[in-house]
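What follows is a single structure, written as structure tokens, with notes after it.
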Amino acid sequence: MTKNIRWICEKCNKKWIHPVDTCIYCSGKMKKQIGTTLKVIGMTKVFTPSPPHPIIPYNVIMLEDEHGNRMPKKVMKDYSLGDSYLDVADSSDNAVSVVKIKYDFYEAVKEAIELIGDVKVDAATKILIKPNLSIPGYAYIGICTNPKVLDALIEYIIEKGAKAENITIAEQSFFVPLEKAASKSGVINVIKKFGVKYADISLTEFETVNAREFSFEVSKIVKQFDLIFNVPVIKTDMILGIDGAFENLTRFLSKKTFTELAKDPTKAVNALALLPSILSKFITIGDASIGMQGNGPAENGEPGFFNLIFCSRNPVCHDKIVQEVFCLRKLPYVELAGKLGAGAYEMSKIKVIGSELESLRRDIKQPIGSRLIKKD
Amino acid sequence: MERYVKGVGMTKFGIEDRPIHDMAHEAMTLALKDAGITAADIDAVVVSNVDTKINDERQRMYGLAVSSLLNRQMPIIVVPAVCGGGGAAFWTALRLKYNNILVLGVDRVLANTTPMITKEIMNAGDNFWEQEEGLAFPAINALVAQQHMLKYGTTVEDLNLIAYKNHYHGSLNPKARFFGKKVSLEEIKKSPIVASPFNLYDCSISVNGAAACVISNDKTDVKVEGSGLATDYLAPFEREDMTIWNATVVAGKEAFKQAKVLPSDINVAELHDAFTIVELIAYEDLGFCKKGEGGKFIRSGYVNLDGKMPVNTSGGLKARGHPISPTGVSQIVEIVDQLKGRCGKRQVKDAKLGLTHNIGGAGGTITVHIFRKL
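If you read the sequences in order, they're chains B and H. As numbered in the numbering used here, residues 1 to 376 make up the first sequence, in order. As numbered in the numbering used here, residues 1001 to 1374 make up the second sequence, in order.
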């Protein structure tokens, strides 16, 4: 379901590879022309590595769609001229889609969801969206979930039949008033645009859930919805390795639980691994449009312009693939969660769709910490 | 307004790790000396330089760095157009209403590892459609070459002949990276693949260097007869036909029209051979041969040193070297030297009309200039 997108003037038929809203020649309205039937018309095998493409050799195939529009695509597999190029959706829990954003967030988010078998929603479906608004930050810093990703997700599920009044964006911050993060990141504008609901999880009721040696205070909000989208921004984290699907779930816990776990990193690792089993089922949409690399997850990191959307029904598979794509160190809590049966951890059992894993791998700045960072 | 070239100069293109100001100073000094004037006689400067972060002396305000270097205050503008920057700077300078204008191209890109340089040059492609999909410049041009092969039957052997010719020429040019180094056709054929169907010798070589020239209203023996600049879509895959680089067609037509000459009148040319296919397509798009007959054209020997119109007597980007912004100016240096009969063993006999063709990006910004020996 790889898409080739053009923005085409309805009046004069001029085409653009960039999203433009009005024709600069005739002021005509623009429409999207999306090609999905893709044929290989050219290819090159590349033997020169570069930082974003370190694994060689790789192929770049030139695809042509049913409209005669072309697009290049990096692949590891060998193709022949005339071959069809097709991604097949996989609705299993072990599937992770990874989609490159071609300027259009809506199409990327839609494609990422479609590739894991799509979602079923209707006018009665109650939907919870859980972004990362833990620390205030402008969208371009990569600290919070990109409002463009949330905008795309809401637009898509409304288009699928959901009602805005049944959609809630919920989050809490353990550090600042939530409004501050929602406002600074621009997420508040998305909430206003669609008229969706907004909830501060810290103000919700919590109940105690026991799992293994832990006792968690979990927000009851997770039980009030039919469908949950976990939408973390993908960030490096000096303590956890990455902030992905698992870390984003921690803010379904009470501040008290979180603070207790944070005191003991070993304990935290074991507790994090249990989160998928104590929460409802959810879909993770990993926002790596502008993520973070280096000494994240806050201001000591730096924006990573990864331009990717990850999507999976399983947080173990999701975070494992994020770790693999960005060549980060092993995440013990994800591995443990896999061992506890929360999802597939072994690479042989995870299916990556949308792009080949090897074609995506790149080194990013690792979260190694620095003596220059103040301990507090 | 009639324009003349008063003087030219360039550093040796190579791997020497010299500071940018040092290379710029040498090229400017040589051009001023050749023009018989001093820095005090310059009325304006147009400089081209890549704002690169791969060396240790990043300087975004390069125009002011030149001001410091010249130790003078005067109009200085920067015209960046990556690999086409030198030609674009020259084109801009021709349109300025000053008498003596110094055009300078200077870059130090060979100051990092090959992957880092590859990434840096890749930045001249579209970020999301090309860079993210691994389209390093060899790959972009390899895909173009493949389309040309599929459409017109051009062969790898045709491309090898271009590499062989330019390396032979470069071996005769003391300013070239490959001066004194002969490369056999066998070596070219057996060189490692960079991006299929390209092997190593299909690709130009990165070097450091600087080149300068002085344009003047004062009459000299080299007149600028034609000057064209045109642009095209950033990415070749956007174009209707990947094998036609329309900016070359448009800029070439304009230059030929101004010069009132035909392609067949040109005696010597410097064509942008960042990759062998780029030179071959330029034969066609500039009208030296029919579309699709570039392969036949190189096989005919027309563009060899002993042919009717030798191409890239300097060695081209292939063998003289490609320092990015200075490339377009160094082409002008070569053509002026050819017209003045200063090229020694690679001298083209009785050259009266010379042409330069410089490209920024994959056919994105293209300049064509025609020079006449008076």
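Note that the Cβ used here is the ideal one computed from N, Cα and C, for glycine as well. Owing to the predicted nature of the structure, the values given are computational and were not obtained by experimental measurement.
>> Give the list of continuous alpha helix (DSSP H) stretches no shorter than 4 residues that lie fully inside the region 1155 to 1237 of chain H.
In response: Restricted to the region 1155 to 1237 of chain H, the alpha helix (DSSP H) segments that are unbroken, complete and at least 4 residues in length are 1156 to 1171 and 1185 to 1190, listed in chain order.
> Tell me which same chain residues have a C-beta within less than 8 Å of the C-beta of residue 1117 of chain H, skipping the five on either side of it?
Replying inline: Hits under 8 Å: 1054, 1109, 1110 and 1206.
> Between residue 1255 of chain H and the rest of its own chain, which residues show a CB-CB distance below 7 Å, the 5 nearest in sequence each way excluded?
Replying inline: Once the five neighbours on either side are set aside, the close Cβ partners of residue 1255 of chain H are 1226, 1227, 1228, 1368, 1369 and 1370.
>> Rounded to whole angstroms, what is the Cα-Cα separation between residue 1006 of chain H and residue 1213 of chain H?
In response: If you take the alpha carbons of residue 1006 of chain H and residue 1213 of chain H, they lie about 7 Å apart.
> What do you get for residue 270 of chain B, buried or exposed, if any count of 16 or more other CB atoms within 10 angstroms of its CB means buried?
Replying inline: Here residue 270 of chain B is buried: its Cβ has 16 or more other Cβ atoms, across all protein chains shown, within 10 Å.
> Would you call the CB atoms of residue 1115 of chain H and residue 50 of chain B closer than 8 Å?
Replying inline: Contact: yes.
>> Ignoring anything shorter than 4 residues, give me the alpha helix (DSSP H) runs that lie fully in the region 331 to 373 of chain B, in order along the chain.
In response: For the alpha helix (DSSP H) assignment, the uninterrupted runs of no fewer than 4 residues enclosed by the region 331 to 373 of chain B are, from N- to C-terminal side, 332 to 339 and 357 to 360.
> When you compare only the Cα positions, how much space is there between residue 1082 of chain H and residue 111 of chain B?
Replying inline: For residue 1082 of chain H and residue 111 of chain B, the distance between alpha carbons rounds to 35 Å.
>> For residue 223 of chain B, report the span of its beta strand (DSSP E) as first-last.
In response: Note, residue 223 of chain B: premise wrong, no beta strand (DSSP E); not H, not E.
>> Taking the alpha-carbon of residue 17 of chain B as reference, which of B/5, B/9, B/149 and B/351 has the nearest alpha-carbon?
In response: The residue from B/5, B/9, B/149 and B/351 with its alpha-carbon nearest to that of residue 17 of chain B is B/5.
>> DSSP three-state label for residue 1026 of chain H, please.
In response: Residue 1026 of chain H: helix per DSSP, three-state reduction.
> Where does residue 1067 of chain H sit, in a helix, a strand or coil, going by DSSP?
Replying inline: In the structure shown, residue 1067 of chain H sits in a helix (DSSP, three-state: H, G or I).
> Apart from the five residues just before and just after residue 223 of chain B, which ones in its own chain have a Cβ nearer than 7 Å to its Cβ?
Replying inline: The answer, listed in chain order, is 280.
> Just how far apart, CA to CA, sit residue 1202 of chain H and residue 1313 of chain H?
Replying inline: Taking C-alpha positions only, residue 1202 of chain H is separated from residue 1313 of chain H by approximately 17 Å.
> Excluding the five sequence neighbours on either side, which residues of its own chain have a C-beta within less than 8 Å of the C-beta of residue 1037 of chain H, listed in chain order?
Replying inline: Short of 8 Å from the beta carbon of residue 1037 of chain H, and not among the five residues preceding or following it, lie these beta carbons of its own chain, in chain order: 1006, 1007, 1100 and 1214.
> Could you check where the beta strand (DSSP E) with residue 1048 of chain H kicks off and where it finishes?
Replying inline: From DSSP, the beta strand (DSSP E) with residue 1048 of chain H extends over 1044 to 1048.
>> Determine, for residue 307 of chain B, whether the minimum Cβ-Cβ distance to residues of chain H falls below 8 Å.
In response: At least one chain H Cβ lies under 8 Å of residue 307 of chain B.
> Beta carbon of residue 1365 of chain H, beta carbon of residue 1282 of chain H: below 8 Å?
Replying inline: It is not a contact, given that the beta carbons lie outside the stated cut-off.
> Over what stretch of residues does the alpha helix (DSSP H) that includes residue 1334 of chain H continue unbroken?
Replying inline: Boundaries of the alpha helix (DSSP H) around residue 1334 of chain H: 1326 to 1339.
>> Helix, strand or coil, according to DSSP, for residue 1004 of chain H in the structure here?
In response: Note: residue 1004 of chain H maps to strand in three-state DSSP.
>> Cutting at 6 Å between CB atoms, please list the residues of its own chain near residue 1325 of chain H, excluding the five before and the five after it.
In response: Around residue 1325 of chain H: 1048, 1049, 1050, 1085, 1086, 1105 and 1107.
>> Taking the straight line between their C-alpha atoms, what separation do you get for residue 164 of chain B and residue 176 of chain B?
In response: Taking C-alpha positions only, residue 164 of chain B is separated from residue 176 of chain B by approximately 27 Å.
>> Can you confirm whether residue 1054 of chain H, when its beta carbon is compared against all beta carbons of chain A, has any partner nearer than 8 Å?
In response: Checking the listed chains, one finds no chain A in this structure; the protein chains it contains are B and H.
>> Going by DSSP in three states, residue 376 of chain B sits in which element: helix, strand or coil?
In response: Here the model assigns residue 376 of chain B a pLDDT of 47, short of 50, so the residue's position is not dependable and the matter cannot be decided.
> Under 8 Å Cβ-Cβ, which residues of chain H neighbour residue 321 of chain B?
Replying inline: Within chain H, no C-beta atom comes less than 8 Å from the C-beta of residue 321 of chain B; the nearest is roughly 18 Å away.
>> Using beta carbons (cut-off 8 Å, strictly below), is residue 60 of chain B in contact with chain H?
In response: Nearest CB-CB separation between residue 60 of chain B and chain H: below the 8 Å threshold.
>> Taking the straight line between their C-alpha atoms, what separation do you get for residue 376 of chain B and residue 349 of chain B?
In response: Here the model assigns residue 376 of chain B a pLDDT of 47, short of 50, so the residue's position is not dependable, and the following value carries that caveat. So the two alpha carbons sit approximately 41 Å from each other.
>> Considering Cα atoms alone, identify which of H/1302, H/1216 and H/1307 is closest to residue 1103 of chain H.
In response: When C-alpha distances from residue 1103 of chain H are compared across H/1302, H/1216 and H/1307, the shortest belongs to H/1216.
>> For the alpha helix (DSSP H) containing residue 58 of chain B, name the first residue and the last one.
In response: Element bounds for residue 58 of chain B: not the alpha helix (DSSP H) but the beta strand (DSSP E), 58 to 64.
> residue 149 of chain B versus chain H: which residues are under 7 Å apart at the beta carbon?
Replying inline: Under the 7 Å cutoff, chain H gives no residues; its nearest Cβ is about 16 Å from residue 149 of chain B.
> So with Cβ pairs under 8 Å, would you call residue 50 of chain B a contact of chain H?
Replying inline: So, interface residue.
> What are the start and end residues of the beta strand (DSSP E) that includes residue 317 of chain B?
Replying inline: For residue 317 of chain B, there is no enclosing beta strand (DSSP E); the residue is part of the alpha helix (DSSP H) that begins and ends at 315 to 325.
> Touch check for the region 59 to 76 of chain B and the region 1121 to 1137 of chain H: three-plus C-beta pairs under 8 Å?
Replying inline: Touching, yes, given that three or more Cβ pairs across the two stretches are closer than 8 Å.
> Under a CB-based cut-off of 8 Å, is residue 1019 of chain H close to chain B?
Replying inline: Among the CB atoms of chain B, none fall inside 8 Å of the CB of residue 1019 of chain H.
> What does residue 53 of chain B reach in chain H if we use C-beta pairs closer than 8 Å?
Replying inline: For residue 53 of chain B, the residues of chain H that pass the 8 Å Cβ criterion are 1134 and 1136, in the order they occur in the chain.
> Between the C-alpha atoms of residue 331 of chain B and residue 1132 of chain H, what's the straight-line distance to the nearest angstrom?
Replying inline: If I take the Cα positions, the gap works out to 26 Å.
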